[in-house]
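Here the protein sequences come in this chain order: A and B. Count the first sequence with this note's numbering and you get residues 776 to 914, in order. Count the second sequence with this note's numbering and you get residues 776 to 914, in order. All residues carry an ideal CB built from backbone N, CA and C; glycine is no exception. Notes follow the structure.
2 protein chains.
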Amino acid sequence: MATRAELREELVKAGIRPSVQRLAIFEYVRQSCQHPTAEVVYEALCDELGSLSLTTVYNTLKLFVDAGLISMLTIDDTFRCFDGNRCCHAHFRCDNCGKIVDLQMKKDFLSLVEGLDTYSVNDAQLYLKGLCPACKNKK
Amino acid sequence: MATRAELREELVKAGIRPSVQRLAIFEYVRQSCQHPTAEVVYEALCDELGSLSLTTVYNTLKLFVDAGLISMLTIDDTFRCFDGNRCCHAHFRCDNCGKIVDLQMKKDFLSLVEGLDTYSVNDAQLYLKGLCPACKNKK
DNA sequence: TATATATTTGCAATGATTTCAAAAATGAAA
DNA sequence: TTTCATTTTTGAAATCATTGCAAATATATA
């Protein structure tokens, strides 16, 4: 769990000026285990920041993704969500309840892919879908 | 390369009535290596079928995905595309030219994921992004 | 303090996808 | 074949997450 000062430092190192909004959004996404959408981030920070624009949230999240500070998930085809967890992990989305959970990896994804030597890889996501344990038992 | 009769049979086995539109759409997606969008499928088949509705294409592709006959890719966050290749493979999307290519896998994805025993997995997609060989060299 | 630059804001626009109800096609029964 | 019910297709309108844009605000520099 990083402190606010550490997160601020991380933004500066990435060449991003740590405005109040940016730091709050960065902190929220980094601390959350919920893979929030832009809308969720907006709702969560609106009060704390007094005023906040949904556009700012979208712009800022894009800024962070482009800087490699967080990642964007497209595991749900109707909305994007964001992930501040920097460890290599896969995602599982339950077709029934919609919950998205992290799954540990035994090894990095890339070790399994052939012929990658001539490519330059910036991002890798492994998405699994089906039924989570709880929903599986209900059926 | 499956024949039209084989594809028809496959639809029937899946409990899907092989209408003219469905068979044409199924054949197109199964034979294509281009990961077409609904729009692309629509444009490609409009003439051949005389009349075709984009809504039919969307509905039919969803029908096939739900039946497990093809898969839907969300590797590009602005549109969905579809994949008729049933072999286990990963996808690479070039950030520069947008092209999506298949990559062979040494082993199945799932072998690398921990704690999956209590889940029921229906779909798995590994998405890689970065620069393809051609775009990498240009920079 | 003045001035330039970077950031935020809110509303309008975008565009892929879905909804919906009518029209057409198909299958079963008579 | 004719009739009737069911399934499929169609096209136009609606949806909604995301982006564009131009004005307002905040911050850095001279």
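- Interface criterion not met: the Cβ of N860 (chain A) is under 8 Å from no Cβ in chain B.
- Residue A:F839 holds the alpha-carbon nearest to the alpha-carbon of D858 (chain A) among A:F839, A:N871 and A:G873.
- At a cut-off of 8 Å between beta carbons, C907 (chain B) contacts chain A.
- For I800 (chain A), the enclosing alpha helix (DSSP H) has its first and last residue at V795 to Q806.
- Taking the CA atoms as reference points, G873 (chain A) sits about 14 Å from D898 (chain B).
- The beta carbon of Y902 (chain B) is closer than 6 Å to those of I850 and H866 in its chain, skipping five residues each way along the sequence.
- Checking the DSSP bridge columns, you'll see S846 (chain B) partnered with B:D858.
- Following the DSSP letters along the chain, one finds C863 (chain B) in no alpha helix (DSSP H), marked with neither H nor E.
- For Q900 (chain B), the closest of A:R783, A:E823, A:R868 and A:Y894 by C-alpha to C-alpha distance is A:R868.
- In the structure shown, the three-state DSSP call for R868 (chain A) is strand.
- Taking CB atoms only, V840 (chain A) has no neighbour in chain B less than 8 Å away.
- Burial state of C856 (chain A) is buried, judged by a 10 Å Cβ sphere holding 16 or more other Cβ atoms.
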